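Below: the structure, in structure tokens.
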């Protein structure tokens, strides 16, 4: 095997080793990554920033721990921004592994800001079959969720007194790691005209640009980079601080950056090997 | 009768759900809410059936010591331990942050899932190295697009603005055109399938005749 052929056929274990080393080294010796804030992420931030105290924002948290590195920072940043602005939150979960994720976010951030369950926020809990649940919520939140996550009847929660359905929330932000987003677009926006923005994983981002252009969603936070953009804006707005270790996605961006550099280098090595060995033949 | 009745029910309910969408009558609203209740109740039965089927399959595998029975045993233990710690104190109390149920979720389930998914980085790196070869014109277009998209995560100084413009172009023009065609295809396909089911042409949901 010639040198160029070797470049083309590197053992995959070398790729794994280099990626592993780069991830660990960057995690230890980090650096700042300059960010370009995309208009689609900014529009979500600007919308939340424009809400006035007492208004209600709904967040649909539909993801499992496998994608928490990308999506959890979005949930935290938006929740912190809302609680800092005294905006009320209505949360629900339509992913079977997601209830614990919401509870983690809401329990921690509510404690930070001294927010009270039922007054400043309501966590509806989890229900299976996202399409049916969204359709039912569009009629009345009490159809799929007669009680909140903690077992309290919705009617006895002060925040829910004048709330019936999507008409009573200013917008919905769906943070999702799966197909749940399509249900929110088709039913919450399509059927009930709810104002909708989404936060999705990096690999899902490209799928949702048509909905952004058609106006079915007014904003899109894409992957860890999108979360870092949101954190950047939230930090500038004074809602989260680096000192309190509240910028998780931004902290992970150097790792993503160096890993991508390594992947690009491997692609270049493979292609140089391919062309050089072809020329020799 | 065994065939006609289910087809009649599906056609009736299907056409009602279609018509009520366009006619804003209060009676239709009530019927629509009633239908949603029914769907949720039927869904609960499906979950119970799924749980029974899963348990039955796992128990049979363990009893027969079939290949990989150990994994089935772990799955069964996991299932019943979670049900037990979730239900025994009082199920709604156990859902709060800091309980045993949530601790198992946070300290066992989250690390397991996060570790599983993080392995993807290694596989993607290896797959990208092998797959992105400029063998043909189309493969070269794919390769160049992928590199441009990946470069958006890398600080390139003054070149970052140009790269960002190219990323925006790729995502909002060719990508969006392809995705829109895809979504329209999915929408038309779903409409055609729904009509076929309502008209009794597609009967797969009835199982074997």
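Chains as they are written, first to last, in my numbering: chain A, 25 to 305; chain B, 1312 to 1520. Here a beta-carbon is modelled for each residue, glycine too, at the ideal position from N, C-alpha and C. What you are looking at is a predicted structure, and each value in this text was computed from that prediction instead of being measured.
### Task
Note down the Cα distance separating residue 237/A from residue 300/A, rounded to an integer number of angstroms.
Taking the straight line joining both Cα atoms gives about 43 Å.
### Message
Can you tell me whether residue 203/A is buried or exposed? The criterion is at least 16 other CB atoms within 10 Å of its CB, across all chains shown.
### Response
When all chains shown are included, residue 203/A counts as exposed.
### Query
Within 8 Å (strictly less), CB to CB, does residue 199/A reach chain B?
Taking 8 Å as the CB threshold, residue 199/A stays off the interface with chain B.
### Query
When the cut-off is 8 Å and only beta carbons count, does residue 250/A lie next to chain B?
Chain B contact via Cβ: absent.
### Query
From 65/A, 121/A, 159/A, 184/A, pick the residue whose C-alpha is nearest to that of residue 216/A; which is it?
The residue among 65/A, 121/A, 159/A, 184/A with its C-alpha nearest the C-alpha of residue 216/A is 159/A.
#### Entry: Inter-residue spacing [alpha-carbon to alpha-carbon] between residue 312/A and residue 1398/B
Here chain A covers residues 25 to 305 and nothing more, so residue 312/A does not appear.
### Query
Does any C-beta atom of chain A lie closer than 8 Å to the C-beta of residue 1375/B?
So, not an interface residue.
### Query
Of the residues that make up the region 1349 to 1365 of chain B, which ones have a beta carbon closer than 7 Å to any beta carbon in chain A?
The region 1349 to 1365 of chain B vs chain A, Cβ under 7 Å: 1350, 1351, 1354, 1358.
### Query
residue 1331/B CB to nearest chain A CB: under 8 Å?
Among the residues facing chain A, residue 1331/B is not included, as its CB has no counterpart in that chain under 8 Å away.
### Query
Should residue 207/A and residue 222/A be called a contact, given that it needs their Cβ atoms to be closer than 8 Å?
Taking 8 Å as the Cβ cut-off, residue 207/A and residue 222/A do not qualify as a contacting pair.
### Message
Assuming the contact rule is C-beta atoms closer than 8 Å, residue 152/A and residue 1354/B should be a hit. Round their C-beta distance to whole Å, please.
### Response
The pair is a contact, with the Cβ atoms about 6 Å apart (cut-off 8 Å).
#### Entry: Residues of the region 1402 to 1428 of chain B whose Cβ lies closer than 9 Å to any Cβ of chain A, in chain order
The residues in question are 1402, 1403, 1404, 1406, 1407, 1408, 1409, 1412, 1413, 1416, 1417, 1420, 1421, 1422, 1423, 1424, 1425, 1427, 1428.
### Query
At a Cβ threshold of 8 Å, is residue 1456/B touching chain A?
No - not a single Cβ of chain A is within 8 Å of the one on residue 1456/B.
### Query
From the beta carbon of residue 1445/B, is the nearest beta carbon of chain A less than 8 Å away?
Residue contact check for residue 1445/B against chain A: a CB pair falls below 8 Å.
### Message
Considering only their Cβ atoms, is the gap separating residue 36/A from residue 1437/B smaller than 8 Å?
### Response
Taking 8 Å as the Cβ cut-off, residue 1437/B and residue 36/A qualify as a contacting pair.
#### Entry: Contact list for residue 1382/B against chain A, beta-carbon separation under 9 Å
In chain order: nothing, as chain A lies at least about 19 Å away.
### Message
So that I know if they touch, is there some Cβ in chain A lying closer than 8 Å to that of residue 1494/B?
### Response
Chain A, which has a Cβ nearer than 8 Å to the Cβ of residue 1494/B, makes this yes.
### Message
Distance cutoff 8 Å, beta carbons only. Does residue 156/A sit that close to anything in chain B?
### Response
Chain B has a Cβ within less than 8 Å of the Cβ of residue 156/A.
### Message
Less than 8 Å between C-beta atoms, sequence neighbours within five positions excluded: which residues of the same chain meet that for residue 229/A?
### Response
When the five nearest sequence neighbours on each side are left out, the beta carbons in the same chain lying within less than 8 Å of the beta carbon of residue 229/A are those of 244, 246, 247, 250, in order along the chain.
### Task
Compare the beta carbon distance of residue 1475/B and residue 60/A with 8 Å and say whether it is the shorter of the two.
Yes, these two residues count as a Cβ contact at 8 Å.
### Task
Output yes if chain A places a C-beta closer than 8 Å to the C-beta of residue 1386/B; else output no.
False, the Cβ-Cβ gap to chain A never drops below 8 Å.
### Task
Answer with buried or exposed for residue 1364/B, where buried requires no fewer than 16 other C-beta atoms within 10 angstroms of its C-beta.
Burial call: exposed.
#### Entry: Whole-number beta carbon distance between residue 295/A and residue 1441/B, since they are thought to touch under 8 Å
Not quite, the Cβ-Cβ distance comes to about 11 Å (not below 8 Å), so this is no contact.
### Query
Among 55/A, 41/A, 25/A, 30/A, which one has its Cα closest to the Cα of residue 281/A?
Measuring from the Cα of residue 281/A, the nearest candidate turns out to be 55/A.
#### Entry: Pairwise C-alpha distance: residue 264/A and residue 111/A
So the alpha carbons of these two residues sit roughly 16 Å apart.
#### Entry: Under 8 Å (Cβ pairs) to chain B, residues found in the region 234 to 247 of chain A
So the close ones are 234, 237.
### Query
Grouping DSSP H, G and I as helix and E and B as strand, with all else coil, what is residue 220/A?
When DSSP states are grouped into helix, strand and coil, residue 220/A belongs to the strand group.
### Message
Quick check on residue 146/A: does DSSP put it in helix, strand or coil?
### Response
Residue 146/A: strand per DSSP, three-state reduction.
### Task
Tell me residue 122/A's beta-bridge partners as DSSP assigns them.
Bridge partners of residue 122/A: none, in fact.
### Cα-Cα separation between residue 227/A and residue 276/A, rounded to whole angstroms
For residue 227/A and residue 276/A, the distance between alpha carbons rounds to 17 Å.
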